[in-house]
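Residue numbers (the numbering used here), protein chains in the order written: chain D, 1 to 250; chain V, 1001 to 1179.
Just so it is clear, CB atoms sit at the ideal spot from N, CA and C, and this is done for glycine as well.
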Amino acid sequence: MNETGAPVLRARGLRKQYGKGEGLVRAVDDVDLEVASGETVAVTGPSGCGKSTLLHLLGGLDRPTAGELWLTGQRLDRLGERALARLRRDKVGFVFQAFHLMDELTAAENVELPALLAGRSARWSRQRARALLEQVGLADRAGFLPSALSGGQRQRVAIARALVSDPQLVLADEPTGNLDSQATIEVLRLLESLHAAGQTVVIVTHDSRIAATADRMISMRDGSFVDETRLTGGSTGSLGTLAGLNGLTE
Amino acid sequence: MQQEVVLAMLAKEPSHGYQLRARLRQALGPLGEAMNDGQVYVTLTRLEKAGLATSEQSAGLPDRPDRKVYALTAAGQQRVAAWLAEVSWPRPDLAEFHLKLIAAAAAGLADPLSIVDAQRRELLRRLRDAQRAALAEPDGSAAGLLLEGIVLRLQADLHWLEACERNWTPRLTSRKEHR
């Protein structure tokens, strides 16, 4: 844990509703959330509990029906479209279950693209992409098209892309949802290293392994937060007992 | 059979031994068929000796043990409350946890979902420890394989807790509407 000072993300009474009258659904219902700098928070819950909708609200991909939302002290819920788009581009990195890479661009080009769109020079973008691919262990795959990469490698490219603008916040929606167990471990290792580097991350997942990389895990049901678990601080320690080693370790 | 299970089944209302047996059978389904009928009575006698339960003869049928009505003492109630709050793992006793949820709901002593939440908190902390240790091992390490086994078992238990959560959620929706 390396959280300091003001929260990177703060939501108060956040709500998203669809429909009217009898058909009214509150996908996100009165959510309060603070995420400190350097913290990894996982939001879990059954499908349909509203966790993906919440993530879209937090990243400014969708607008709340009610409530207030701040990202690094800037209020999001009242921004105009253009300002919101700029803020998403500069301050938020997104990682999706289905990777959302451009099929006709190489791994390096996919990573560079957001930087170029943000007005960075081609040279800066190229160097940044190279450094990030190195960081995610794919320096030797920079020139490959996504179709030539494994699922785990594609997701690592997507994570590199999410980091290209050095975002204050990374939002990940079921980042291992499409991956087998070996690829999941690759992504888990990467998430741990981001955490160690002080990146602030919010992950939405129903995979308990992913949730277990977080400092805090929040359970969501019917659009509301119902439980919170702090996973760091005070290790429960007894791995030996879990493996059935009681007799040997006493 | 855990003594606390029988005790918690009594928390709903004072009961005859055969009523407790029937409740356990219903909760356990085919698994309850293997249950020794005498076990409930043996346990009740022990609980009474320990001061956790009391019994009264029903009027009219003085000498039949089956006609005794058992009830919790104050100490018994405390023991049940402590048992409900206790988080136990890796004792692989699914039935005990299952009966805990049923007893808690039947007696209105605790919200089954809060019991599920408490168990999940504990398992997640252990999963985090196990996973960190597993990820720190190099590929192909023997210790890594053992740690992976622990991670997978914890995950399986967490999956089952999700199922418990789903099962107990609809029955409590009225609670949310009343809020």
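Same chain, Cβ closer than 8 Å to residue i, neighbours up to 5 away in sequence not counted
{"i": "residue 1104 of chain V", "result": "1008, 1084, 1110, 1111, 1112 and 1115"}
{"i": "residue 45 of chain D", "result": "51, 206, 219, 220 and 221"}
{"i": "residue 1140 of chain V", "result": "none"}
{"i": "residue 150 of chain D", "result": "183"}
{"i": "residue 200 of chain D", "result": "8, 9, 35, 36, 37, 38, 39, 40, 168, 169 and 170"}
{"i": "residue 1169 of chain V", "result": "1113"}
Where residue i meets chain V, residues with beta-carbon distance less than 8 Å
{"i": "residue 231 of chain D", "result": "1124, 1125 and 1128"}
{"i": "residue 189 of chain D", "result": "1135"}
Cut-off 7 Å between Cβ atoms - residues of its own chain near residue i, not counting five sequence neighbours on either side
{"i": "residue 1051 of chain V", "result": "1073 and 1075"}
{"i": "residue 1164 of chain V", "result": "1101 and 1116"}
{"i": "residue 1006 of chain V", "result": "1020, 1040, 1043, 1044 and 1047"}
{"i": "residue 1147 of chain V", "result": "1130, 1133, 1134 and 1137"}
{"i": "residue 1002 of chain V", "result": "1096"}
{"i": "residue 127 of chain D", "result": "none"}
{"i": "residue 14 of chain D", "result": "28, 31, 57, 64, 67 and 69"}
{"i": "residue 190 of chain D", "result": "136, 156 and 159"}
Best match in the options for proximity to residue i [C-alpha to C-alpha]
{"i": "residue 1053 of chain V", "options": "V:1137, V:1155, V:1016 and V:1028", "result": "V:1016"}
{"i": "residue 1018 of chain V", "options": "V:1070, V:1003 and V:1048", "result": "V:1070"}
{"i": "residue 209 of chain D", "options": "V:1143, V:1142 and V:1134", "result": "V:1134"}
{"i": "residue 87 of chain D", "options": "D:72, D:219 and D:100", "result": "D:72"}
{"i": "residue 206 of chain D", "options": "D:82, D:97, D:64 and D:148", "result": "D:97"}
{"i": "residue 1131 of chain V", "options": "V:1037, V:1012 and V:1151", "result": "V:1151"}
{"i": "residue 10 of chain D", "options": "D:218, D:193, D:34 and D:165", "result": "D:34"}
{"i": "residue 66 of chain D", "options": "D:82, D:43, D:32 and D:47", "result": "D:32"}
{"i": "residue 1158 of chain V", "options": "V:1168, V:1169 and V:1121", "result": "V:1121"}
{"i": "residue 155 of chain D", "options": "D:137, D:196 and D:81", "result": "D:137"}
{"i": "residue 252 of chain D", "options": "D:20, D:41, D:132 and D:120", "result": "An answer regarding residue 252 of chain D cannot be provided, because it is not within the stretch 1 to 250 covered by chain D."}
{"i": "residue 161 of chain D", "options": "D:55, D:195 and D:89", "result": "D:89"}
{"i": "residue 1057 of chain V", "options": "V:1004, V:1014, V:1167 and V:1161", "result": "V:1014"}
{"i": "residue 6 of chain D", "options": "D:74, D:164, D:99 and D:225", "result": "D:74"}
{"i": "residue 99 of chain D", "options": "D:176, D:63 and D:190", "result": "D:176"}
{"i": "residue 172 of chain D", "options": "D:213, D:12 and D:147", "result": "D:213"}
{"i": "residue 186 of chain D", "options": "D:159, D:12, D:145 and D:94", "result": "D:159"}
{"i": "residue 78 of chain D", "options": "D:180, D:195, D:53 and D:62", "result": "D:62"}
{"i": "residue 105 of chain D", "options": "D:148, D:118 and D:81", "result": "D:148"}
{"i": "residue 1081 of chain V", "options": "V:1010, V:1153, V:1162 and V:1154", "result": "V:1010"}
Own chain residues within Cβ distance below 6 Å of residue i, not counting five before or after
{"i": "residue 84 of chain D", "result": "60"}
{"i": "residue 70 of chain D", "result": "10"}
{"i": "residue 216 of chain D", "result": "41 and 230"}
Under 7 Å by beta carbon: chain D residues contacting residue i
{"i": "residue 1155 of chain V", "result": "208 and 209"}
{"i": "residue 1057 of chain V", "result": "By Cβ distance, chain D contributes nothing, its closest Cβ being about 45 Å from residue 1057 of chain V, past 7 Å."}
{"i": "residue 1121 of chain V", "result": "229"}
{"i": "residue 1026 of chain V", "result": "The contacting residues do not exist; residue 1026 of chain V stays about 27 Å from chain D at best."}
Neighbour-count burial assignment, residue i, 16 or more Cβ in a 10 Å radius
{"i": "residue 1094 of chain V", "result": "exposed"}
{"i": "residue 16 of chain D", "result": "buried"}
{"i": "residue 1049 of chain V", "result": "exposed"}
{"i": "residue 1078 of chain V", "result": "exposed"}
{"i": "residue 1030 of chain V", "result": "exposed"}
{"i": "residue 102 of chain D", "result": "exposed"}
{"i": "residue 125 of chain D", "result": "buried"}
{"i": "residue 1167 of chain V", "result": "exposed"}
{"i": "residue 194 of chain D", "result": "buried"}
Contact set between residue i and chain D, taken where Cβ atoms lie within less than 8 Å
{"i": "residue 1158 of chain V", "result": "208"}
{"i": "residue 1169 of chain V", "result": "221"}
Proximal residues of chain D, C-beta to C-beta of residue i below 9 Å
{"i": "residue 1117 of chain V", "result": "219, 226, 227 and 229"}
Under 7 Å by beta carbon: chain V residues contacting residue i
{"i": "residue 192 of chain D", "result": "1135"}
{"i": "residue 212 of chain D", "result": "1124, 1127, 1128 and 1131"}
Any non-hydrogen atom of the ligand HEM within 7 Å of residue i CB
{"i": "residue 197 of chain D", "result": "Although the ligand HEM was asked about, the structure shown includes no ligands whatsoever."}
Proximal residues of chain V, C-beta to C-beta of residue i below 9 Å
{"i": "residue 46 of chain D", "result": "1162, 1165, 1166 and 1169"}
Selection of the region 1135-1151 of chain V by Cβ proximity to chain D, strictly under 8 Å: Listed in sequence order: 1135, 1146, 1147, 1149, 1150 and 1151.
Members of the region 98-112 of chain D near chain V, C-beta cut-off 7 Å: Residues passing the 7 Å Cβ filter: none.
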